[in-house]
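Undergrad:
Protein chains in written order, with the working numbering: chain A, 66 to 434; chain D, 10 to 270.
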C-alpha cells in the first residue's frame, strides 16, 4: 500500500536509497547535491553516499566554505554555486548541426531532452523554477527543450533546517518552507525524513520503503526544524513599492557608486536561478560542419546590449541598473512575479561581495517610501 | 577568401615559439588544414617557402629590435589579413617587463659580451607598428580558437572571439568560483576568455594570460584584493606577469605603484 497524495509520512533515512532506486527504475537521471571542487554543487548521482553526508556550508558576501562535520546529516547546507536551471535550461545547448557541401544539410536536429529527478530542491529554488516556468513554458513563447525537461522532471524538495547569512527567502516569500508544486518534500530529522507527498508519482516512489504515517511528534519536530532556519535569516529586503522606488531613482548617484565596486564579470547573473538570457553562437570547423549552439548570456556582457547602431547600455552603471531593475521592478510588470527569490547566490558568489540587500536598503533610505 | 587554396604564412618575432607550437598541436586537424590552405611560409613547420602575398598571416611575438620593426612592415605589405597571435604579439608579452626598467642594465648583467646585443628599449605589440586585423590573445593561444579563426575566415565569416571575462566560462562549465570557495587569488574577472577557463577548472587562479577583457577593471579588483590582505607589490606582480603592457593592466599597475609607499 502507498500513501495518498497530501499525506505526511516518515521514512528511516537509509530508505532514501530505495527512493533513488525507484526513480532510477523509472529511467530518470538523478541530479542532486554533491561535493565538487570545495563546494556543494549539483551533479548526477546514483547512491545516497554521493550526497554531501556530514557536509555543511558557510556563506558570506564573496565567500563560501564547505565544511565536513561528524554528524551524519544529508541536507544540512543551503544552496550552492549551481541552480536547477543548469538542467532545465542548460548553459550550452546544440540546437542543430549542419554540413555545408554546396547546399546546407541538417545532420542533427536538436538534443533529445533528458528525463531528470531533482533531489533536494530548496524552497527558494522551487520558486525560481516556477518563475522560469512563467517565462519559458507558460508564456506566449514556449521553449520546447524547457517544456520537455520540466514536464518530465520529478522533484524531491527539501525544507531548509538551517539558513546561511546570505539567505533572504523570507523577504521574497519563497521559503524556507517548501510551497508550490513538488512530488515529495522532505524535512530532515536526526533519525527520519518527514515527507509531504505532493503527487501520485511522489507516492509511488515510496514503494518498497518502510514508510509510515508521520506521528504528531515527527510533524512537530519537522515544523520546529524549519522554524529554526527561519529564525536564522537576518538579511532583509522590503518589497513594498520596491519597483516604483527603483524606477523613481533611475538617475540616482547610487548606481554609479555600486557599479564602481562592481567588476562587471556577470557572475551574479550566471548564478541567479531565474536569469534566462541566452545568445546563439554558430560554430564551424574546417570540413564545413557547423553547429548552432544556444549559450547562456548575461546583461553584463557588452555584446548583450550591442544592437544595430551601437550599444544601448555602454556603461557598467547602465548594465548594473538594468539587472537590478529587471529583477526587482520590470520583472513583475513583465511576468507578474518578482525576478528575485532571495536565494542569496548573487551575494555569495560575487567575487567582491556586493550585497543586493544592502544596495536596496540604500535606495530605500534615499527614497521617500 | 573564396579562391581554392588560400595562402597562409606564420611568422615569429620576439617570443618563445609556443604559439606556433599551438598550431602544430592541432594534430587531428593538421592534415585537413593542409588540404584547405597552402601553408606557404611557416619555417617552424617546413623549410619550403612560397612567396607572398599571403591571404592569412599569423604573427607571433613582439617587436624588440630595429630589424623586427622593419620586418613587420614588409610582412604587413605582403598580407591581406594579419592576425596577431599570443600575448607577446598582442600586448608585448613577458619581455615587456623591460619597458619599466632600463634595458641596458639587463644587457650588462646577463650577457658576457653585451656589445653584441642590439635591442630596442621596449617590447611592444604588433598593433603598435602596423594595422592588425584580428588579435588572438593567450600564452599560448588556444588551439581551438585558432581553428575557429581559420575555419571562419575560409568561409568568409567574422570569427567569433568573445571579449568577455573568464568568469562567464567558469559558470558555463559549472566550475565553482575558486576565489569565493577557496580563497585563491584569481584574475578571471579581469581576463578575457578564450581558454575555456582552464586554470580554475584545475583549482588554481587565472593568471591573466589572455590579457584584459573588454570591461576589465583591474583597479577595482586590486582594491578588493588589498582588503583581503594581498600586498600591493604582489598585485602588481600578478597583473604584470604576462600582459602587463596591455593598456588597462599598465595603467592600473602604474597607479598602484604611485600609491605604494
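Note that CB positions come from ideal geometry on N, CA and C, so glycine has one too. Keep in mind the model is a prediction, meaning the values are calculated, not measured.
Measuring CB to CB, does residue 268 of chain A end up less than 9 Å from residue 77 of chain A?
TA: For residue 268 of chain A and residue 77 of chain A, no; Cβs fall outside 9 Å.
Undergrad: Per DSSP, what kind of secondary structure is residue 83 of chain A in: helix, strand or coil?
TA: Of the three classes helix, strand and coil, the one that applies to residue 83 of chain A here is helix, per DSSP.
Undergrad: For chain A, find out if any of its Cβ atoms is closer than 9 Å to the Cβ of residue 268 of chain D; answer yes or no.
TA: Chain A, which has no Cβ nearer than 9 Å to the Cβ of residue 268 of chain D, makes this no.
Undergrad: From residue 50 of chain D to residue 30 of chain D, what distance separates their C-alpha atoms?
TA: Distance between the alpha carbons of residue 50 of chain D and residue 30 of chain D: 15 Å.
Undergrad: In whole angstroms, what separates the C-alpha of residue 399 of chain A from that of residue 232 of chain D?
TA: Near 37 Å, if we compare the C-alpha coordinates of residue 232 of chain D and residue 399 of chain A.
Undergrad: Can you find a CB in chain D that lies within less than 9 Å of the CB of residue 149 of chain A?
TA: For residue 149 of chain A, the answer is no, since every Cβ of chain D falls outside 9 Å of its Cβ.
Undergrad: For the beta strand (DSSP E) that contains residue 72 of chain D, what are its first and last residues?
TA: Unbroken run through residue 72 of chain D: none, as it is neither H nor E.
Undergrad: Name the residue from A:425, A:214 and A:384 whose alpha carbon lies nearest to the alpha carbon of residue 327 of chain A.
TA: If we check each option's Cα against that of residue 327 of chain A, A:384 comes out closest.
Undergrad: Following the continuous alpha helix (DSSP H) through residue 321 of chain A, name the residue where it begins and the one where it ends.
TA: Note, residue 321 of chain A: alpha helix (DSSP H), 318 to 326.
Undergrad: Can you find at least 3 beta carbon pairs, one from the region 54 to 70 of chain D and one from the region 15 to 26 of chain D, that sit closer than 8 Å?
TA: Taking 8 Å as the limit for Cβ pairs, the verdict is that the region 15 to 26 of chain D does touch the region 54 to 70 of chain D.
Undergrad: Below 7 Å CB to CB, which residues in the same chain sit around residue 10 of chain D once its five sequence neighbours on both sides are set aside?
TA: Low confidence applies here, because residue 10 of chain D scores a pLDDT of 47, under 50, leaving its location unreliable; read the following figure in that light. Correct list, in chain order: 64, 162, 163 and 165.
Undergrad: Give the DSSP bridge partners of residue 125 of chain A, in chain order.
TA: Per DSSP, A:128.
Undergrad: Between which two residues does the beta strand (DSSP E) harbouring residue 5 of chain D extend?
TA: The structure shown has nothing for residue 5 of chain D, since chain D only spans 10 to 270.
Undergrad: Would you mind telling me which residues of chain A sit closer than 7 Å to residue 161 of chain D, beta carbon to beta carbon, in chain order?
TA: By Cβ distance, chain A contributes 349.
Undergrad: Can you tell me which of the three DSSP states residue 53 of chain D falls into?
TA: In this structure, residue 53 of chain D counts as coil in the three-state DSSP scheme.
Undergrad: Please go through the region 111 to 172 of chain A and give each complete alpha helix (DSSP H) segment of 4 or more residues, from N-terminal end onward.
TA: Counting only runs of 4 or more, we get 150 to 153.
Undergrad: Is DSSP giving residue 369 of chain A helix, strand or coil here?
TA: Coil at residue 369 of chain A, not helix or strand.
Undergrad: Classify residue 403 of chain A as buried or exposed, calling it buried when 16 or more other Cβ atoms lie within 10 Å of its own Cβ.
TA: Buried.
Undergrad: Can you list, in chain order, the stretches of the alpha helix (DSSP H) that have 4 or more residues and sit fully within the region 247 to 285 of chain A?
TA: Fully enclosed alpha helix (DSSP H) runs of 4 or longer: 265 to 269.
Undergrad: Which residues in the same chain have their Cβ closer than 8 Å to the Cβ of residue 256 of chain A, if we skip the five residues on either side of it in sequence?
TA: The answer, listed in chain order, is 77 and 78.
Undergrad: Rounded to a whole number of angstroms, what is the C-alpha to C-alpha distance between residue 391 of chain A and residue 169 of chain D?
TA: The alpha-carbon atoms of residue 391 of chain A and residue 169 of chain D are separated by roughly 28 Å.
Undergrad: Taking CB distances under 9 Å as the criterion, tell me whether residue 368 of chain A reaches chain D.
TA: Yes - at least one Cβ of chain D is within 9 Å of the one on residue 368 of chain A.
Undergrad: Spatial neighbours of residue 332 of chain A within its chain, please: C-beta separation below 7 Å, excluding the five flanking residues on both sides.
TA: Same-chain partners within the cutoff: 414, 415 and 416.
Undergrad: Using a Cβ-Cβ distance cut-off of 9 Å, determine whether residue 10 of chain D contacts chain A.
TA: Residue placement at residue 10 of chain D is flagged as unreliable, the pLDDT there being 47, under the threshold of 50; the coordinate-derived value follows with that caveat. For residue 10 of chain D, the answer is no, since every Cβ of chain A falls outside 9 Å of its Cβ.
Undergrad: Taking residue 310 of chain A as part of the alpha helix (DSSP H), name the residues at either end of that continuous run.
TA: Note, residue 310 of chain A: alpha helix (DSSP H), 307 to 313.
Undergrad: Counting only beta-carbon separations shorter than 9 Å, does residue 265 of chain D have a partner in chain A?
TA: Residue 265 of chain D does not count as touching chain A.
Undergrad: Under DSSP, the beta strand (DSSP E) around residue 100 of chain D begins and ends at which residues?
TA: Run containing residue 100 of chain D: none in the beta strand (DSSP E); it sits in the alpha helix (DSSP H), 95 to 100.
Undergrad: Given residue 133 of chain D, which residues of its chain have a CB within under 7 Å of its CB, disregarding the five upstream and five downstream residues?
TA: Here the set comprises 71, 72 and 101.
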